[in-house]
Every structure is written in C-alpha cells, then in structure tokens.
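Following: one structure in structure tokens, then a few remarks.
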Amino acid sequence: MNGKSLNVKSAGFTYISVLILVVIAGIALTGASRYWSIAVKRDKEAELLFRGDQIEKAIESYYNSPQDGQQKYPRTLTDLLQDSRYHIIKKHLRKIYQDPMTKDGEWEKILDPGGGIKGVYSKSTGKPLKAGGFTKEYKDFEDSEKYSDWKFTYLLKTVKGKK
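Residue numbers 2 to 164, in our numbering, belong to the letters of the sequence shown in order.
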C-alpha cells in the first residue's frame, strides 16, 4: 500500500502544479493582451494623425489653387481626388483616407458658411492615449478628452491684413 499512497500524493502534486501553471499562463496572457491593445491603439492614433493631416493639406492645396481666381473649399472629399475645375484633372489627395478610429471609416466634415469642406474630424468619442508631444500645428490636440476633439482644419491665416 505504501506504493499506492505515493502515487496518489504525486498525482495530487502534479495536478496542483498544472493548475499553478495555468494560472501563471492566464496572467501572462492577460498582460500581453493589454500591451497588445495599447500598441494597436497607438498605431491607430498615429494613423489618424497622418490621415487627418493629409486631408487637411489636400484641402489647403485645393483652396490655394483656384482656377478662376476665386478661392473655394471643396464641396466633397472626392473633389480632392479629381479637381475638375481644370481641363487637366488635378489631384490634391492620392486617395480618400478612412477614419481609422471608427468602424464605418466616415469622417465628420467641418463646413464653411458656403457649404465647402474646410476640415474633418473623427466621430470617435474614445479617449486618446496621446496627450502631448504634438507638432506645432496640432498643439491644440494636447489634453483632448476624445478623438473627435482632434480637428484637422485648413483655416485661412491673416498675413499683413490679407486673407
């Protein structure tokens, strides 16, 4: 009987060892998933900044290249892809970038009084991880409560009394 009681004790020890291993693996996987989700969120934020900046620069290019001397904002984002104001189609944007923070990828548009698009922003109400270290153009994004506060807008700058 001594041999049987030794096998039962070692079987119990093995069972507890396996349970401890499963708990440790679970804790490790939880930590890894948290790290991974933060890394993915940081990548999406960087992509949001890049895409919003590209659209803002395209709006600026469209506005500053009037055909008839009258500066206008584009009526649609598609106008940035094919500026039909010219005989030869001019492209201000390579493609219409999707909003990386929302499932549908649609941007909210910021309109001027005439109905032209002067900027875009994300519809996401998520809280950004990035709270500082923005470039000079986007200093206003610091300490934002949600992504929808990050507005990519081409605003006319007054230079020596001119617009």
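Note that the Cβ used here is the ideal one computed from N, Cα and C, for glycine as well.
Predicted model only: the values in this text are computed from it and were never measured.
Taking the Cα positions, W108 is about 53 angstroms away from S18. Pairing I111 with L81 gives a Cβ-Cβ distance that is not under 9 angstroms. If you ignore the 5 residues before and after P67, its C-beta comes within less than 8 angstroms of the C-beta of K73 and R86, all in its own chain and listed in chain order.
The residues L130, in chain order, have a CB closer than 6 angstroms to that of K42 in the same chain once the five nearest residues on each side in sequence are set aside. Under the criterion of beta carbons closer than 8 angstroms, D100 and K124 qualify as touching, at roughly 7 angstroms. In terms of Cβ geometry, L30 and A59 do not form a close pair [threshold 9 angstroms]. G120 has its alpha-carbon roughly 7 angstroms from the corresponding atom of K152.
The beta-carbon separation of T79 and I97, rounded to 7 angstroms, stays under the 8 angstroms limit for a contact. Listed in chain order, the non-local C-beta contacts of K147 below 8 angstroms within the same chain comprise S125, T126, G127, K128 and P129, local neighbours out to five positions each way being set aside. In the structure shown, the three-state DSSP call for G127 is coil.
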